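Here's the structure we're looking at; comments come further down.
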Amino acid sequence: MQRRRSSETPKQRLQVHHKNQTDLSAWRKGGRIESEKTIQSHPSPKDQKNDSKQDSLEEALSYFEKVQDRVSLKKNHVLQKHLTTVESIAMQRGLPPEGFDVLLKVALSGKLADTVNTRLLKSLVPASVIPETSVVSAVSWLCVSKCSGNIQLLFLRWLITVFDFIDHKEQLHALYGFFFSFLQDEKMCPYVCHLLYLLTRKESVKPFRIRKLLDLQAKMGMQSHLQALLSLYKLFCPELVTITLPGKMKTYFKNSEGPWKAAINTVRRRNHENPPMFQPLLLGTAQPQSRKRKWNTQLIISASSTNRNNLEEDREKNCVDLYSTNVSFPVEQLQTFSQLLQNIHHLEFPSQMGSVLTNPLLLHYMNCVKDESIYLRLYYWMGQTLQEECTWCVADNNQYEEEFKDFLETVYKTECFLQEGFSSCEEFLYKSLPLWDGFCCRSQVLRLVSWIPLSSFSEVKSHLYDPLAQLFFTSSLYFKCSVLESLKELLQNWLNWHVIHLDSESDSQVHSLNTTLSGLVNMVAELIHFVGWISTIGLRLENNPTFLLYFILDFYETVCDMYLSYNLPLLIMPPAGVFYPALLSMDSVSLNQLCYIMYRYRTNLVAAKENERSKKKILQFKFSSQTYQEYNQYIIAMVGCLWTSSAFQKDIHPQGLHMDDELLKKTAVQEFKTSFNIVYHPAMMGYAVLFLQQAWPDDTTFDFSLIKGKKWNWYLEYLYAQGLKGLKVFIESSINRVSQASHSKAGNVQV
Numbered sequence: 003m004q005r006r007r008s009s010e011t012p013k014q015r016l017q018v019h020h021k022n023q024t025d026l027s028a029w030r031k032g033g034r035i036e037s038e039k040t041i042q043s044h045p046s047p048k049d050q051k052n053d054s055k056q057d058s059l060e061e062a063l064s065y066f067e068k069v070q071d072r073v074s075l076k077k078n079h080v081l082q083k084h085l086t087t088v089e090s091i092a093m094q095r096g097l098p099p100e101g102f103d104v105l106l107k108v109a110l111s112g113k114l115a116d117t118v119n120t121r122l123l124k125s126l127v128p129a130s131v132i133p134e135t136s137v138v139s140a141v142s143w144l145c146v147s148k149c150s151g152n153i154q155l156l157f158l159r160w161l162i163t164v165f166d167f168i169d170h171k172e173q174l175h176a177l178y179g180f181f182f183s184f185l186q187d188e189k190m191c192p193y194v195c196h197l198l199y200l201l202t203r204k205e206s207v208k209p210f211r212i213r214k215l216l217d218l219q220a221k222m223g224m225q226s227h228l229q230a231l232l233s234l235y236k237l238f239c240p241e242l243v244t245i246t247l248p249g250k251m252k253t254y255f256k257n258s259e260g261p262w263k264a265a266i267n268t269v270r271r272r273n274h275e276n277p278p279m280f281q282p283l284l285l286g287t288a289q290p291q292s293r294k295r296k297w298n299t300q301l302i303i304s305a306s307s308t309n310r311n312n313l314e315e316d317r318e319k320n321c322v323d324l325y326s327t328n329v330s331f332p333v334e335q336l337q338t339f340s341q342l343l344q345n346i347h348h349l350e351f352p353s354q355m356g357s358v359l360t361n362p363l364l365l366h367y368m369n370c371v372k373d374e375s376i377y378l379r380l381y382y383w384m385g386q387t388l389q390e391e392c393t394w395c396v397a398d399n400n401q402y403e404e405e406f407k408d409f410l411e412t413v414y415k416t417e418c419f420l421q422e423g424f425s426s427c428e429e430f431l432y433k434s435l436p437l438w439d440g441f442c443c444r445s446q447v448l449r450l451v452s453w454i455p456l457s458s459f460s461e462v463k464s465h466l467y468d469p470l471a472q473l474f475f476t477s478s479l480y481f482k483c484s485v486l487e488s489l490k491e492l493l494q495n496w497l498n499w500h501v502i503h504l505d506s507e508s509d510s511q512v513h514s515l516n517t518t519l520s521g522l523v524n525m526v527a528e529l530i531h532f533v534g535w536i537s538t539i540g541l542r543l544e545n546n547p548t549f550l551l552y553f554i555l556d557f558y559e560t561v562c563d564m565y566l567s568y569n570l571p572l573l574i575m576p577p578a579g580v581f582y583p584a585l586l587s588m589d590s591v592s593l594n595q596l597c598y599i600m601y602r603y604r605t606n607l608v609a610a611k612e613n614e615r616s617k618k619k620i621l622q623f624k625f626s627s628q629t630y631q632e633y634n635q636y637i638i639a640m641v642g643c644l645w646t647s648s649a650f651q652k653d654i655h656p657q658g659l660h661m662d663d664e665l666l667k668k669t670a671v672q673e674f675k676t677s678f679n680i681v682y683h684p685a686m687m688g689y690a691v692l693f694l695q696q697a698w699p700d701d702t703t704f705d706f707s708l709i710k711g712k713k714w715n716w717y718l719e720y721l722y723a724q725g726l727k728g729l730k731v732f733i734e735s736s737i738n739r740v741s742q743a744s745h746s747k748a749g750n751v752q753v
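Heads up, the numbering used here is the position in the sequence shown plus 2, with the first residue counted as 1.
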């Protein structure tokens with residue numbers, strides 16, 4: 003095992019013996035390297051200030067390094083001064099890598115009072131990375147029990163928080179058994195489980211460790227942190243963990259981030275504006291990594307994320323063994339799809355699971371190799387991040403809304419790539435939607451809604467439909483349209499899932515209670531009924547706007563074709579509160595959409611009826627007679643309006659257009675019977691005017707009564723030429739007309 007040389011003492015690392023600056027002096031200069039001569043000749047006020055800070059930090063580190071006997075903070079002005087210096091610089095700019103070895107050693111050695119040790123540990127805010135050797139050295143102090151239990155606990159919490167800032171992890175993995183021994187301590191057990199969860203590999207799973215966890219569970223009860231570690235063990239070695247574990251946990255571990263999270267964010271923002279120079283030097287890469295927020299830090303695969311040391315020096319050696327089955331392939335060297343195919347069975351996944359989201363090759367790997375441990379790690383990381391960083395659930399996170407938007411966008415793109423939703427996102431939405439104002443990260447949240455996996459209706463109704471409905475009714479027209487678009491995509495994703503898994507009976511998910519065919523049919527039906535309900539109310543609230551009606555009808559374009567296009571034995575007609583506003587719309591686009599939708603309903607219903615009669619039923623489901631009855635009522639109303647001018651007399655729907663002639667005469671409309679046919683309909687009258695102008699250019703009276711007989715057919719052809727394809731297929735499928743070969747007799751129409 004190769005390791006970095008760590009024989010140099012902290013004191014030696016702080017000294018400057020060459021012309022080039024050390025990492026500390028580069029940190030002092032705020033990212034700009036100049037020769038000492040130039041700096042001395044032209045000192046700027048900013049350089050002088052940074053020099054002063056750097057000198058103070060060096061002095062403080064030198065003091066703490068030389069502490070031998072137990073020192074009291076009380077009345078010790080020197081200790082107070084250096085402690086304040088460390089805290090101030092750590093909170094302003096973060097500590098350079100060289101400082102961690104000294105401060106961890108003194109904090110865990112027991113030479114200082116717990117009050118001082120606590121303040122030192124809370125000031126360990128990294129400006130870039132944390133050397134693994136410093137962490138390993140600190141862990142060694144736990145063996146001699148010099149520090150109190152509270153300090154040990156605080157150290158573990160710090161280690162979990164900064165886990166992804168540690169430059170290498172190989173030596174930490176070697177200490178897996180040492181950390182495991184701390185499970186005996188009830189106070190430390192939750193945090194030790196959390197740390198072990200981050201460190202666990204397949205080779206870490208041993209029978210004696212499983213027995214120990216089971217004994218602890220029997221002693222402590224069903225603790226979430228123990229279940230999390232057992233779940234991970236079971237995914238790696240299912241033959242060793244035979245007990246049944248809960249399929250889904252809301253939260254596995256306690257929040258360990260304590261005081262460091264806010265400080266790291268502050269340091270990241272300052273250093274992002276003025277990045278310190280030591281970042282690329284320590285990482286051994288050509289480009290510095292931006293210190294963004296927790297998730298953005300993990301979205302980049304660093305040269306050390308897979309525990310490879312001295313990457314640049316060993317490149318030639320590694321290239322020889324890249325495709326050897328005995329050597330793990332470092333993920334940072336994965337550049338092409340062919341490399342993925344040749345090394346897919348010995349790919350070493352990164353410690354930072356967030357980096358998977360932005361790497362298409364690793365996403366391909368997840369699709370090809372169904373490794374449940376990877377999904378479990380990703381779900382845990384994503385669930386924790388979403389819960390802790392949500393800008394409307396956590397008050398202090400408002401200033402990071404743009405970054406949270408970017409993160410949600412990345413998660414959404416990953417779901418699109420994998421063509422499946424994450425259960426951790428589902429839980430996040432269920433928890434956060436009741437608190438959401440409908441404005442913050444609107445586009446990203448609604449996109450995530452479209453990938454909610456299939457689950458029980460009770461959960462979806464109480465956690466999704468109810469909060470969405472409240473926001474839908476009280477928000478703007480644009481928000482209503484965005485919700486409808488999201489729910490349409492959700493329906494399509496559920497239907498696509500059904501098509502993909504229809505013939506995959508061996509898939510374990512198909513046998514799940516909630517993903518059987520009957521369960522899917524019920525879930526889809528409830529979604530359609532929900533959309534119909536909010537659409538009806540939304541149209542009334544907004545006074546039937548064309549813009550909203552377009553999104554509603556766009557949803558039903560998917561609904562009307564579920565039987566033939568998605569092989570789902572379900573068809574649900576739109577409610578009257580949607581159908582009649584579309585039929586009487588002032589806009590030809592809405593009317594054309596409705597005609598196409600009714601045409602597709604007819605095609606699907608006819609196919610279903612034929613399959614029933616021929617006993618070739620698809621999936622052995624039948625449509626109810628109510629569906630056929632409702633369709634027939636709508637067809638009578640449409641034909642009565644658009645063709646036979648008898649809607650007011652023949653419409654039999656309970657919420658339809660039927661009215662007595664006496665009432666119609668009181669409206670003072672002379673030709674009320676023809677008010678909604680394809681000539682006089684408000685949505686079609688513009689076409690009629692243009693047709694009259696072309697047919698009779700000299701006639702300025704616009705006599706619509708001229709459009710009859712042969713002219714009626716010409717008018718239909720004119721409408722078809724204007725792109726009204728929905729109207730065309732509806733008339734051709736739902737209205738029995740005389741043969742087109744004899745246009746002279748086309749005036750005779752039968753329904």
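Where is the CB? At the ideal position from N, CA and C, for every residue including glycine.
These numbers come from a predicted model, not from an experiment.
Which listed residue (the options) has its alpha carbon closest to that of residue i
i	options	result
Lys197	Gln186, Leu174, Glu205 and Glu188	Note that residue 197 corresponds to Leu in the displayed sequence, not to Lys. That would be Leu174, whose Cα lies nearest to the Cα of Leu197.
Trp453	Lys463, Cys442, Glu428 and Pro469	Glu428
His366	Gly385, Gln341 and Thr135	Gln341
Asn613	Asn569, Glu664, Gln631 and His500	Asn569
Gln595	Tyr689, Val731, Pro699 and His655	Val731
Glu390	Met368, Gln631 and Phe255	Phe255
Ser150	Cys191, Gly112 and Leu158	Gly112
Glu172	Trp143, Phe182, Thr202 and Arg159	Thr202
Phe678	Gln56, Met588 and Val108	Met588
Leu336	Met355, Gly356 and Asn361	Asn361
His531	Val358, Asn498, Pro576 and Gly711	Pro576
Lys490	Tyr467, Trp535 and Val561	Val561
Val80	Glu405, Glu61 and Gln56	Glu61
Tyr565	Leu555, Lys611 and Asp116	Lys611
Ser477	His465, Phe406, Asn369 and Phe441	Phe441
Met640	Thr676, His348 and Asp700	Thr676
Thr518	Ala527, Leu529, Glu528 and Leu504	Leu504
Leu363	Leu410, Val108, Thr338 and Trp383	Thr338
N-terminal and C-terminal residue of the alpha helix (DSSP H) that residue i is part of
i	result
Lys107	Glu100 to Leu110
His503	Leu479 to His503
Asp217	Pro209 to Met222
Tyr412	A small correction: the amino acid at residue 412 is Thr; Tyr does not occupy that position in the sequence shown. Glu403 to Leu420 is the span of the alpha helix (DSSP H), which, as asked, contains Thr412.
Met783	A query on residue 783 cannot be resolved here, the shown segment of the chain reaching from 3 to 753 and no further.
Arg449	Arg444 to Val451
Pro2	Past the edges of the chain, shown from 3 to 753, lies residue 2, and the structure says nothing about it.
Asp468	Asp468 to Thr476
Pro656	Element bounds for Pro656: n/a, residue is neither H nor E.
Cys427	Ser425 to Ser434
Cβ-Cβ distance between residue i and residue j below 8 Å
i	j	result
Leu694	Leu708	yes
Leu242	Lys189	no
Glu100	Ser125	no
Phe650	Leu644	no
Ala685	Ser616	no
Leu122	Phe157	no
Leu456	Trp496	yes
Asn553	Leu486	Correcting the residue identity first, residue 553 is Phe in this sequence and not Asn. Taking 8 Å as the Cβ cut-off, Phe553 and Leu486 qualify as a contacting pair.
Val238	Lys204	With the sequence shown as reference, residue 238 is identified as Phe, and Val is not the correct amino acid for it. It is a contact, given that the beta carbons lie within the stated cut-off.
Ile539	Phe475	yes
Val608	Pro571	no
Sheet register partners of residue i (DSSP bridge)
i	result
Ile132	Ile168
Phe331	Leu349
Leu97	Pro128
Residue i at chain B interface by Cβ criterion, 8 Å
i	result
Leu185	The displayed structure is made up of one protein chain only, and chain B is not part of it.
Complete alpha helix (DSSP H) runs within the segment 560 to 646 (minimum length 4 residues, chain order): 564 to 567, 578 to 585, 590 to 615 and 627 to 644
Ordered list of beta strand (DSSP E) runs contained in the segment 696 to 720, each at least 3 residues: none
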